[in-house]
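>
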Amino acid sequence: MTNRTIKQLVSGMPTQDGAGVSLTRIIGQRLLPNLDPFLMLDFFGSDKPDEYIAGFPPHPHRGFQTVTYMLKGKMRHRDSVGNEGIIEDGGIQWMNAGKGIIHEEMPQQTDGLLKGFQLWVNLPAKDKMSAPGYQDIQPDEVKTVSVGQSIEAKVLAGTLNGVSGPVNTARVKPLFTDLHWQADASAIIPVAAGHSAFIYCYDGSLDVSGETITCGKLAVLNDGDELDVASSEAGKAILVAAAPIGEPVVQYGPFVMNTQAEIQQAITDYQQGKLTV
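Okay, so the sequence shown: first residue is 2 according to this note's numbering, each after it adds one.
(1) What first and last residue would you give for the alpha helix (DSSP H) that runs through Gln266?
(2) Rounded to whole angstroms, how far is the Cβ of Leu176 from the Cβ of Val241, which I believe are closer than 8 Å?
(3) Mapping DSSP to helix, strand and coil, what is Pro140?
(4) Are the region 73 to 83 and the region 102 to 110 in contact at 8 Å, needing three or more beta carbon pairs?
(5) Note down the Cα distance separating Ile88 from Ala20, rounded to an integer number of angstroms.
(6) So, using beta-carbon positions, are Val156 and Val143 closer together than 8 Å?
(7) Quick one, are the C-beta atoms of Gln139 and Gly83 less than 8 Å apart?
(8) Can you check whether the CB of Ser197 is closer than 8 Å to the CB of Ala243?
(9) Is it the case that the Cβ atoms of Val250 and Asn97 are separated by a distance below 8 Å?
(10) When the Cα of Glu85 is compared with those of Asp137, Ser232, Ile214 and Ala55, which residue comes out closest?
(11) Let me make sure I understand the geometry here. Which of Pro255, Val68 and Cys202 has the alpha-carbon closest to that of Ala171?
(12) Enumerate in chain order the residues of its own chain whose CB-to-CB distance from Thr260 is below 8 Å, with the five nearest sequence positions on each side excluded.
(13) Check whether the Cβ of Pro175 lies closer than 7 Å to any heavy atom of the ligand COA, and answer yes or no.
(14) Please work out which residues of its chain come closer than 7 Å, Cβ to Cβ, to Asp185, disregarding the five sequence neighbours upstream and downstream, and give them in chain order.
(15) Measure the C-alpha to C-alpha separation of Gln94 and Gln66 and round it to an integer number of angstroms.
Here it is, written out as structure tokens:
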């Protein structure tokens, strides 16, 4: 067994997206442009309505998948192929943009805390023009598994310690877990060798192979097949991993393809109203 260590520690960059939603961009910024197959990771969390209420009005995507995981609050999804759903505390939406989709994500509250993640997962060339798809997962569909002393993991996608997540639309088959631990916790967590992997601490702190990740830090992990974690204080983190695709990435805003010509075609298709046809 080979223990994964920390390759890079990254702090997120404050920014705005959508119609002015304040968020922190962790993957998809200068310090970490991408981590194949992950294109972007945003963390949003505010109890100030003017920092989130305008939401993410209708906008297009092509060539990848978007994942929204709500920690607190309510968010409504609607898209151009007729999907609609509301997620709240602990719920997740996994959308395959594929050949093209126009969707919106709008907060369904006017006060209180809105908190969660959005992750963009790339698609291999053979799936970039696949049919759009969507899965709306309610909190009670997510199973929890013990992964060590005083550590529980919510398994959103993939399989951990024999427990599988409810996501079935993920073509790259990632592992997506939400770890919650108490004081004096420790665990050795299996992570498939050869997969790109990261852990982002969003509450408290966590030691990874003896090196501390503080709240708001993302650790890119070196290769290996297990992760040795411990903490003297309670906290939370997401652990995400997937096999790299290893193909060229050409991105123009909401379009992610393999060539510049494919990007230009996506723009043309959107301008001509043919993105989802």
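Where a beta carbon is used, it is the ideal one built from N, C-alpha and C, also for glycine.
With the given structure in hand:
(1) Gln261 to Gln272
(2) About 7 Å separates the beta carbons of Leu176 and Val241, which is inside the 8 Å limit, making them a contact pair.
(3) helix
(4) yes
(5) 20 Å
(6) yes
(7) No, these two residues do not count as a Cβ contact at 8 Å.
(8) yes
(9) no
(10) With distances taken between Cα atoms, Glu85 lies closest to Asp137.
(11) Val68
(12) Cβ within range, chain order: Pro249 and Val251.
(13) No copy of the ligand COA appears in this structure; indeed no ligand is present at all.
(14) Ser151 and Ser233
(15) 10 Å
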